[in-house]
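Participant: Take this structure first; my questions come after.
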């Protein structure tokens, strides 16, 4: 908490009814960073499908003032691994609306994302960050994440390709 | 192909019966790189469970000589995404036994991993590589993978933490 900012509002685990709100937030996230993104309605429809399975979780931060639209979210997928029983968690998205930053909302979201994933047996959480996104890298480091392999100490790069 | 090396043997999509072979190969992979890994039998049991679902694929390279143990494998997970219909593919592991390298087996495995993932509707494949693993980075770059975001051009780092 800094200055006179309001405390973070409640963070809830998303249900299927939250799909439209998640669609709006994911759209706002990509629009802010000039990334191509499907329409809000299409995202909402897809979130409704995703949230009906047990391999996708989302956490949502309500407006701290108690009214208005939700102000942030995290999206987590769970996938199986041969290394342990229970899933590997991937934090696919984490977003707080620009006008609501520096109020602890990101921390509340990531804490809930971690606890919900651990409650489902996940031993590890992965995420991808852009090299240039120094603020995000600092945020994740502060929350115990590292971009080095705990065994080898080597840095870890994400490679991708279209199929 | 280089020199007088034998051509790569056939690559097959793994079934549940291949779980023991996958356990041996994943164990050999981690042992070669001094990474902690469960016992072969435990890995085999877990692979049998993984391969019974529709969110895990494995591809296996047989011994090119036609007898002997399998010589390489790839492990792919499929997870849902809000960005498109169909899954996002993650190449979790790709391994060729040291005595069988430089014979096109890695290429045969990754080609099959890509085609099987695309056939299931995946638009994109991700993987993690250690910064210091120059050979692997060169291999993946040669196969069309990039460690930069196609939209922003920024590098992409993998962060992780234990839960």
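Residue numbers (the working numbering), protein chains in the order written: chain A, -16 to 146; chain B, -16 to 146.
Cβ coordinates follow ideal geometry from the N, Cα and C atoms, glycine included.
These figures come from a predicted structure and were not determined experimentally.
Any idea what DSSP makes of residue 138 of chain A, helix, strand or coil?
Facilitator: Residue state, collapsed to three classes: strand.
Participant: Using a Cβ cut-off of 8 Å, pull out every chain B residue sitting near residue 107 of chain A, in sequence order please.
Facilitator: Going along chain B in sequence order, the residues near residue 107 of chain A (Cβ under 8 Å) are 143, 144, 145, 146.
Participant: Rounded to a whole number of angstroms, what is the C-alpha to C-alpha distance between residue 2 of chain B and residue 28 of chain B?
Facilitator: So the alpha carbons of these two residues sit roughly 7 Å apart.
Participant: Roughly how many angstroms lie between the CA atoms of residue 64 of chain B and residue 10 of chain B, to the nearest whole one?
Facilitator: Each residue's Cα considered, the two are about 30 Å apart.
Participant: From residue 40 of chain B to residue 112 of chain B, what does the alpha carbon distance come to, in whole angstroms?
Facilitator: Going from the Cα of residue 40 of chain B to the Cα of residue 112 of chain B covers about 20 Å.
Participant: Name the chain B residues whose beta carbon is nearer than 7 Å to that of residue 39 of chain A?
Facilitator: Correct list: 63.
Participant: Mind checking residue 54 of chain B: buried by the 16 CB within 10 Å criterion, or exposed?
Facilitator: Label assigned to residue 54 of chain B: buried.
Participant: Going along chain B in order, which residues have a C-beta closer than 7 Å to the C-beta of residue 66 of chain A?
Facilitator: Neighbours of residue 66 of chain A on chain B, chain order: 21.
Participant: If you check the beta carbons only, do residue 44 of chain A and residue 81 of chain A fall under 9 Å apart?
Facilitator: Taking 9 Å as the Cβ cut-off, residue 44 of chain A and residue 81 of chain A do not qualify as a contacting pair.
Participant: Please confirm if residue 110 of chain A has its CB atom under 9 Å from at least one CB of chain B.
Facilitator: Yes, residue 110 of chain A counts as interfacial toward chain B.
Participant: Report yes if the C-beta distance between residue 61 of chain A and residue 30 of chain A is below 9 Å; otherwise report no.
Facilitator: No, the Cβ-Cβ distance between residue 61 of chain A and residue 30 of chain A is not below 9 Å.
Participant: Could you name each continuous alpha helix (DSSP H) segment of 4 residues or more that falls completely within the segment 80 to 120 of chain B, going from the start of the chain to the end?
Facilitator: Those alpha helix (DSSP H) runs which fall completely within the segment 80 to 120 of chain B and span 4+ residues are 88 to 102.
Participant: Does the segment 72 to 80 of chain B come close enough to the segment 96 to 109 of chain B that 3 or more CB-CB pairs lie under 8 Å?
Facilitator: The segment 96 to 109 of chain B vs the segment 72 to 80 of chain B: in contact.
Participant: Would a C-beta distance cut-off of 9 Å place residue 32 of chain A and residue 42 of chain A closer than the cut-off?
Facilitator: Their beta carbons are not under 9 Å apart, which means residue 32 of chain A does not touch residue 42 of chain A by this criterion.
Participant: Name the chain A residues that come within less than 8 Å of residue 114 of chain B, Cβ to Cβ?
Facilitator: Simply 137, 138, 139, 140.
Participant: Which residues of the segment 31 to 60 of chain B have a Cβ closer than 9 Å to any Cβ of chain A? Give them in chain order.
Facilitator: Of all residues in the segment 31 to 60 of chain B, 32, 33, 36, 38, 39, 58, 60 have a Cβ within less than 9 Å of some Cβ in chain A.
Participant: Which chain A residues sit within Cβ distance under 7 Å of residue 128 of chain B?
Facilitator: The answer, in chain order, is 142, 143, 144.
Participant: Measuring alpha carbon to alpha carbon, tell me which of A:101, A:89, A:146 ends up nearest residue 118 of chain A.
Facilitator: Comparing Cα positions, the closest option is A:89.
Participant: Could you confirm whether any beta carbon from chain A is found closer than 9 Å to the beta carbon of residue 75 of chain B?
Facilitator: Closer than 9 Å: yes.
Participant: For residue 122 of chain B, which three-state DSSP category applies?
Facilitator: Three-state DSSP puts residue 122 of chain B in a helix.
Participant: Any beta-carbon of chain B closer than 9 Å to the one on residue 3 of chain A?
Facilitator: No, residue 3 of chain A does not count as interfacial toward chain B.
Participant: Name, please, each residue of chain A whose Cβ falls closer than 7 Å to the Cβ of residue 125 of chain B.
Facilitator: Result: empty, since nearest Cβ-Cβ is about 11 Å, beyond 7 Å.
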